[in-house]
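Asks:
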């Protein structure tokens, strides 16, 4: 149940029922000729840095063209205004990754300084800094990163408990129930054309998921606990077979640009579905960007409508007739009684006899005008419940049944919040068949 420690993912209620526009920051022109919002470019480079890259690619060129685009940290720092903390993070991480390409370095558990492993046949490594500070020989295990115990000459393992099992344990998820081949075969045989066709697990399948995680805000409170949601959602999507792109702390303009670029990714042609997950503050008008200042000319609101526009039949050919799952963790109002303002756009006459918006399913963390709760220690109730339900039931339940189970958990356990499905246009059952 929600407790007094839980905090809503909402921004203060706007003073007007009509969202004010935010003057867009100056786009950054990249060497390839593309323009990018500075916050989006920075988030994209940070994502690539976390993947171990020190030379970045243009977000519009796609992930695989990093080498051809060749954006260095120095170039990015010259085009985007970075805080001291951001500069320190980029410079330290780039330096560490560069060092790893030249030598075999790891941080010493005693002092944190990077130590080179000279003898590749010996897991026992000597730290000269700790040896000088402690006035005794200090050695640590290269595998478990603990102070060394046991024989130290030509050592293949140390005597620390659990050494040699750490990496293996991280790769196993005992709580997740994977699909059995027999169930998949039986389901496809009995339900036939009522099930979305899925590609078998192979090197040719290129499933993509986009996660936008806004945690740090200029004017609103930071979303403490959002890091756990981010990590757990990434882990879940990877188990389900998706390559996950995580972009952090975006403005509305950055969110819009990132989703448009995501819709153009060539990998969708070799995919059978996609996930888009957005976690941020929110209000009745939409999802808050990191520059949002309610009640002022600087409101920074991203319209949920833009997700559907970017991924619809006309704008995302690679995902045509394929299920698209949208998950949104944010408030949709608050205690001030704001009303939901409908997002409307001119109706376009389609030139094709195809439904413009089809094969979507969207689950939002709350009903209109209500708050969504997040625990600073454990993350949001919505994201954590989705992770739990998928771990337990995704092996044999299709996506709509999984969402029904999420709603039932809220009905039984969280009386102050109720998620809801929004704009569901799935025409078939979407089974995830995890592991297959």
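Numbering (our numbering), first residue to last: 1492 to 1927. For each residue, glycine too, the CB sits at the ideal point set by N, CA and C.
1. So, are the CB atoms of residue 1735 and residue 1725 less than 7 Å apart?
2. Beta-carbon within less than 6 Å of residue 1584's beta-carbon, same chain only, minus the 5 sequence neighbours each way: which residues are those?
3. For my contact list, residue 1601 and residue 1638 are in at a C-beta cut-off of 8 Å; report their separation, rounded to the angstrom.
4. For the pair the region 1738-1746 and the region 1878-1892, tell me if three or more CB-CB distances fall below 8 Å.
5. Suppose contacts are defined by Cβ-Cβ distances below 7 Å. Is residue 1792 in contact with residue 1817 by that definition?
6. Any idea if residue 1731 is buried or exposed, counting beta-carbon neighbours within 10 angstroms, 16 or more meaning buried?
7. Look at the Cβ atom of residue 1872, then the Cβ atom of residue 1896, and state whether they are nearer than 7 Å.
8. Suppose you measure from the CA of residue 1782 to the CA of residue 1822; what does that come to, to the nearest Å?
9. Report the rounded CA-to-CA distance for residue 1907 versus residue 1899, giving the unit in angstroms.
10. Using the Cβ count rule (16 or more neighbours within 10 Å means buried), how would you classify residue 1868?
11. Please identify the residue among 1711, 1613, 1917 whose C-alpha is closest to the C-alpha of residue 1847.
12. Starting from residue 1779, follow its DSSP beta bridges and name the residues at the other end.
13. Does the distance from the CB of residue 1801 to the CB of residue 1698 come in under 7 Å?
14. Indicate, with yes or no, if the ligand PLP has a heavy atom lying under 6 Å from the CB of residue 1718.
15. How many angstroms separate the CA atom of residue 1826 from the CA atom of residue 1862?
16. Just to confirm, are residue 1569 and residue 1546 a CB contact at a threshold of 7 Å?
17. Taking a contact to mean a Cβ-Cβ separation below 7 Å, would you say residue 1902 touches residue 1687 in this structure?
18. Can you have a look at residue 1624 and say buried or exposed, based on whether 16 or more other CB atoms are within 10 angstroms of its CB?
19. Would the region 1805-1820 and the region 1748-1766 be scored as touching if the rule is three or more Cβ pairs under 8 Å?
20. Quick one: residues in its chain with C-beta nearer than 6 Å to the C-beta of residue 1535, no 5 flanking neighbours on either side, listed in chain order?
21. Relative to the C-alpha of residue 1874, which residue among 1723, 1594, 1563 is closest?
22. Considering only residues of the same chain and omitting the five flanking positions on each side of residue 1669, which have a CB-CB separation below 7 Å?
23. Is the CB-CB distance between residue 1766 and residue 1728 below 7 Å?
Replies: On the basis of the coordinates in this document:
1. Yes, the Cβ-Cβ distance between residue 1735 and residue 1725 is below 7 Å.
2. Cβ contact annotation for residue 1584 (same chain, cutoff 6 Å, sequence separation greater than five): 1540, in chain order.
3. For residue 1601 against residue 1638, the beta-carbon gap comes to about 7 Å, under 8 Å, which counts as contact.
4. The region 1738-1746, when compared against the region 1878-1892, does not touch it at the 8 Å Cβ threshold.
5. Going by beta carbons, residue 1792 and residue 1817 fall outside the 7 Å limit.
6. The residue is buried, with at least 16 neighbouring Cβ atoms inside 10 Å.
7. Contact annotation: residue 1872 and residue 1896 have beta-carbon atoms that are not nearer than 7 Å.
8. Residue 1782 and residue 1822: Cα-Cα distance of roughly 17 Å.
9. Going by the C-alpha atoms only, they are around 13 Å apart.
10. Exposed, by the Cβ-count rule.
11. In terms of CA proximity to residue 1847, 1917 leads the group 1711, 1613, 1917.
12. Beta-bridge analysis with DSSP links residue 1779 to 1792.
13. Contact: no.
14. You won't find the ligand PLP in this model; it holds no ligand whatsoever.
15. Because the pLDDT of residue 1826 is 42, which lies under 50, any placement of that residue in the model is unreliable, and the number read from its coordinates should be weighed accordingly. Approximately 8 Å, taken between the alpha carbons.
16. Taking 7 Å as the Cβ cut-off, residue 1569 and residue 1546 do not qualify as a contacting pair.
17. Going by C-beta atoms, residue 1902 is not nearer than 7 Å to residue 1687.
18. By the 10 Å Cβ count, residue 1624 comes out exposed.
19. The region 1805-1820 vs the region 1748-1766: in contact.
20. Once the five neighbours on either side are set aside, the close Cβ partners of residue 1535 are 1550.
21. Between residue 1874 and the set 1723, 1594, 1563, the nearest pair of CA atoms involves 1723.
22. Excluding residues within five positions, the ones whose Cβ falls inside 7 Å are 1886, 1925, 1926.
23. Yes, the pair counts as a contact, with Cβ atoms nearer than the cut-off.
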